[in-house]
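**Student:**
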Amino acid sequence: MTEMMTEPALQPLLTPVRMADLLLPNRIVMAPLTRMRAANPGHVPTELQARYYAQRASAGVIIGECTAISPEGYGWADTPGLWSAEQVRGWRLVTNAVHKEGGRIVAQLWHTGALSHPDFFGGELPVSASDVDPRQMSVTPTGKKPTVKPRPMTKAEIRQTVADYAHAAANAMEAGFDGVQVQASYVYLIPQFLNSTTNLRTDEYGGSIEDRARFLFEVLESVLDVVNASRVGIKTGPMHVDGAFAANDQTLPTSEYVIRRLNDYDLSHLLVMGARTDFSRTLLASLAGDGMFRHFRRIYRGTLIANVDMDQRRGNRLIAEGLADLIAFGRPYIANPDLVARFAAGAPLADVRWETVYASGPEGYIDYLEMESVLAR
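Each residue of the sequence shown is one higher than the one before, starting from 474 at the first, in my numbering.
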């Protein structure tokens with residue numbers, strides 16, 4: 474068990490907050506977590522996912538796992554989608570279960586782009602902004618494999634993908650979600666357009682920061698055509714990982730441009746990830762620790778959710794210092810479905826059984842015990 478420090482009775486994390494037109498009972502967000510439990514031919518959520526999310530419904534809001542917007546955007550084995558009627562019915566099981574427990578849940582819209590693999594497409598190449606191998610690992614049906622050089626998207630494919638985002642967003646609302654979040658972070662399709670290393674286009678979607686960001690804003694505006702801005706959020710920000718996504722002199726200016734421009738849309742929220750790797754010898758060194766949130770809090774005027782390396786003490790402090798409005802917890806939610814109650818009681822947290830995080834079936838997914846059950850032993 475991981476020991477937690479007891480906080481004062483009135484913790485900032487446990488105070489209510491309004492996220493656009495959603496009134497949340499606390500500021501604890503369940504971060505999106507890929508768990509690979511949609512192991513069926515239609516990539517459909519099942520009763521298993523419904524039980525998993527319902528167990529965690531005491532969060533102020535749940536941001537669901539990365540969910541593919543289309544077959545062309547699919548690129549991680551055993552993850553769910555949001556393009557078919559069958560998938561909408563599956564997600565309805567999940568949203569109904571969460572709402573029955575008094576919770577709120579947002580769908581995360583995802584296109585993997587070059588992070589996908591030919592194994593998903595009968596040997597055909599995945600698509601991206603340009604034919605640049607991101608030099609990452611793809612999670613295929615037969616295990617992890619190195620990514621390959623993708624095929625550059627045609628303008629017709631870009632237009633279709635923009636429409637696919639809107640279709641998936643409309644499906645999410647039909648499925649009963651309380652909103653959607655556009656996944657524009659990490660190493661997936663939208664960041665592949667934003668990143669000057671992976672976007673070598675010479676048309677209106679490449680070159681300057683404004684043109685590299687064009688795809689993101691076309692996607693966002695297509696989603697806003699079908700979902701009210703008060704129910705649309707986005708996850709984006711600068712990052713540094715190995716391969717083609719190593720930070721360069723365009724990384725921070727690009728994110729600054731994007732996040733400053735997001736102020737024009739009156740969105741539900743912005744989720745910003747802190748440093749997931751060592752920033753100390755990179756152009757993002759000033760964003761290490763709390764620097765990421767301090768920097769973008771000055772730029773973004775809306776509701777800001779902070780994520781990565783969060784614990785109870787740090788979350789309370791970031792809110793108290795005004796650096797974030799809500800705190801997203803990922804790993805703690807894997808093993809602690811009642812995370813809110815544990816924080817309220819100053820109780821220890823259960824440890825994650827890592828061998829079952831990316832697996833199949835209920836083990837290590839819905840069988841973590843709540844605090845009362847542990848204490849009763």
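Backbone N, C-alpha and C define an ideal beta-carbon position, used for all residues, glycine too.
1. Using a Cβ-Cβ cutoff of less than 7 Å, which residues in the same chain neighbour Val825 once the five nearest sequence positions on both sides are dropped?
2. Are the CB atoms of Phe769 and Leu756 nearer to each other than 8 Å?
3. In three-state terms, what does DSSP make of Ser601?
4. Do Gln528 and Gln581 have their CB atoms nearer than 8 Å?
5. Between which two residues does the beta strand (DSSP E) harbouring Gly819 extend?
6. Please report the residue range of the alpha helix (DSSP H) in which Met492 lies.
7. Checking the sheet assignment: what are the DSSP bridge partners for Trp583?
8. Skipping 5 residues on each side, what residues in its chain have a beta carbon closer than 6 Å to that of Leu724?
9. Rounded to a whole number of angstroms, what is the C-alpha to C-alpha distance between Ser557 and Ala818?
10. Enumerate in chain order the residues of its own chain whose CB-to-CB distance from Asp722 is below 8 Å, with the five nearest sequence positions on each side excluded.
11. Is Glu677 buried or exposed, if buried means 16 or more other CB atoms sit within 10 Å of its CB?
12. Going along the chain, which residues of its own chain have a beta-carbon closer than 8 Å to the beta-carbon of Thr829, five neighbours each way excluded?
13. Touching or not, the segment 654 to 666 and the segment 567 to 574, by the rule of three or more beta carbon pairs under 8 Å?
14. Count the other CB atoms within 10 Å of the CB of Trp583; is the residue buried (16 or more) or exposed (fewer)?
15. If I follow the unbroken alpha helix (DSSP H) through Leu496, where does it start and stop?
16. Could you spell out the range, first to last residue, of the beta strand (DSSP E) harbouring Gln656?
17. So, is Leu744 buried or exposed, given that buried needs 16 or more other C-beta atoms within 10 angstroms?
18. Going by beta carbon distance, what residues of the same chain come within less than 6 Å of Met509, once the five residues before and after it are set aside?
19. Pick helix, strand or coil for Trp549, following the three-state DSSP scheme.
20. What did DSSP end up calling His640 once you bin it into helix, strand or coil?
21. For Gly706, which beta-bridge partners are listed by DSSP?
22. With respect to the alpha helix (DSSP H) encompassing Gly616, which residues constitute its N-terminal and C-terminal limits?
23. By the three-class DSSP mapping on this structure, what secondary structure does Pro625 have?
24. So for Asn721, helix, strand or coil by DSSP?
25. For Asn939, which beta-bridge partners are listed by DSSP?
26. Is there contact here, the segment 757 to 766 with the segment 691 to 707, by at least three beta-carbon pairs under 8 Å?
27. Who are the near neighbours of Asn736 in its chain, counting only those whose CB is closer than 6 Å to its CB and skipping five residues on each side?
28. In this structure, what does DSSP give as the bridge partners for Phe802?
29. For Thr829, name the three-state secondary structure that DSSP assigns.
30. Would Glu683 be called buried (16 or more neighbouring beta carbons within 10 Å of its own) or exposed?
31. Do the segment 583 to 597 and the segment 605 to 614 make contact, defined as three or more Cβ pairs closer than 8 Å?
32. Have a look at Gly834 and Leu521 and give me their C-alpha separation to the nearest angstrom.
33. Return helix, strand or coil for Val454, following the three-state DSSP convention.
34. Can you tell me where the alpha helix (DSSP H) with Ser611 in it begins and where it stops?
35. Going by beta-carbon coordinates alone, are Val502 and Ala532 separated by less than 8 Å?
36. Just verifying my parser: in three-state terms, what is the DSSP assignment at Ala758?
**Tutor:** In short:
1. Here residue 825 refers to the residue found at position 352 when the sequence shown is read from its first residue. So the list reads Arg804, Ile807, Ala808, once near-sequence residues are dropped.
2. Here residue 769 is taken as the residue at index 296 of the sequence shown, counted from 1. Here residue 756 is taken as the residue at index 283 of the sequence shown, counted from 1. It is not a contact, given that the beta carbons lie outside the stated cut-off.
3. To locate residue 601, count along the sequence shown from 1; it is residue 128. Assignment of Ser601 by DSSP, reduced to helix, strand and coil, places it in the strand class.
4. If you number the sequence shown from 1, residue 528 lands on position 55. If you number the sequence shown from 1, residue 581 lands on position 108. No, Cβ-Cβ distance for Gln528 and Gln581 is not below 8 Å.
5. Sequence index remark: in the sequence shown, residue 819 carries index 346 (1-based). From DSSP, Gly819 is part of no beta strand (DSSP E); its letter is neither H nor E.
6. For the purposes of this step, residue 492 is taken as the residue at position 19 of the sequence shown. Taken as a continuous stretch (DSSP letters only), Met492 belongs to no alpha helix (DSSP H), being part of the beta strand (DSSP E) at 490 to 492.
7. For this step, residue 583 is matched to residue 110 along the sequence shown. Note: Trp583 sits in a beta bridge opposite Ala541.
8. Residue 724 sits at position 251 when you count from the first residue of the sequence shown. Here residue 724 is Thr; the residue named in the question, Leu, does not match the sequence. Sequence-distant partners of Thr724 (beyond 5 residues in either direction) whose C-beta falls short of 6 Å from its own C-beta, in its chain, are Pro711.
9. Counting from one through the sequence shown, the residue named residue 557 turns up at place 84. Counting from one through the sequence shown, the residue named residue 818 turns up at place 345. Roughly 42 Å separates the two Cα atoms.
10. Locating residue 722 in the sequence shown gives position 249, counting from the first residue. For Asp722, where only same-chain residues beyond five positions count, the Cβ hits under 8 Å are Leu756.
11. Translated into the one-based positions of the sequence shown, residue 677 becomes position 204. It counts as exposed.
12. Mapped onto the sequence shown, residue 829 falls at position 356. Within the same chain, Thr829 has close Cβ partners Glu836, Gly837, Tyr838.
13. The segment 654 to 666, when compared against the segment 567 to 574, does not touch it at the 8 Å Cβ threshold.
14. Position 110 of the sequence shown, counted from the start, is the residue given in the question as residue 583. That one is buried.
15. Here the question's residue 496 lines up with position 23 in the sequence shown. Leu496: not part of any alpha helix (DSSP H); member of the beta strand (DSSP E) spanning 495 to 497, first to last residue.
16. Your numbering for residue 656 matches position 183 in the sequence shown. Start and end: 653 to 656.
17. Taking the first residue of the sequence shown as 1, we reach residue 744 at position 271. Taking all protein chains in view, the Cβ of Leu744 is crowded by 16 or more other Cβ atoms within 10 Å, so the residue is classified as buried.
18. Taking the first residue of the sequence shown as 1, we reach residue 509 at position 36. Excluding positions up to five away in sequence, the list reads Asp551, Tyr831.
19. For the purposes of this step, residue 549 is identified with residue 76 of the sequence shown, where counting begins at 1. It is a strand residue.
20. If you number the sequence shown from 1, residue 640 lands on position 167. Looking at His640 - three-state DSSP - the assignment turns out to be helix.
21. Start at 1 with the first residue of the sequence shown, and residue 706 comes out as number 233. Gln654, His742.
22. Here the question's residue 616 lines up with position 143 in the sequence shown. Where Gly616 is concerned, there is no enclosing alpha helix (DSSP H), although the beta strand (DSSP E) around it starts and stops at 616 to 619.
23. On the sequence shown, residue 625 is found 152 positions in, with the first residue counted as 1. Residue state, collapsed to three classes: strand.
24. Residue 721 sits at position 248 when you count from the first residue of the sequence shown. Here Asn721 sits in coil by DSSP.
25. What the structure shows of the chain is the stretch from 474 to 850, and residue 939 is not part of that stretch, so it cannot be assessed.
26. As far as the Cβ criterion goes, the segment 757 to 766 does not touch the segment 691 to 707, which means the pair count is below three.
27. Stepping through the sequence shown from its first residue, residue 736 is reached at position 263. The residues Arg774, in chain order, have a CB closer than 6 Å to that of Asn736 in the same chain once the five nearest residues on each side in sequence are set aside.
28. Here residue 802 refers to the residue found at position 329 of the sequence shown. According to DSSP, which records beta bridges pairwise, Phe802 is partnered with Met503.
29. Within the sequence shown, the letter at position 356 stands for residue 829. Helix, per DSSP.
30. Taking the sequence shown and counting its residues from 1, one reaches residue 683 at position 210. Answer is exposed; the Cβ neighbour count stays below 16.
31. Judged by Cβ distances under 8 Å, the segment 583 to 597 makes contact with the segment 605 to 614, as three or more pairs qualify.
32. Taking the sequence shown and counting its residues from 1, the one referred to as residue 834 is at position 361. Taking the sequence shown and counting its residues from 1, the one referred to as residue 521 is at position 48. So the alpha carbons of these two residues sit roughly 8 Å apart.
33. Given that the chain is displayed from residue 474 to residue 850, the structure contains no residue 454 and the question cannot be resolved.
34. Here residue 611 refers to the residue found at position 138 of the sequence shown. Looking at the DSSP string, Ser611 is not in any alpha helix (DSSP H); the run it does join, the beta strand (DSSP E), is 610 to 613.
35. Counted from its first residue, the sequence shown places residue 502 at position 29. Counted from its first residue, the sequence shown places residue 532 at position 59. Cβ distance < 8 Å, so Val502 and Ala532 count as in contact.
36. To locate residue 758, count along the sequence shown from 1; it is residue 285. The answer is helix: DSSP assigns Ala758 an H, G or I state.
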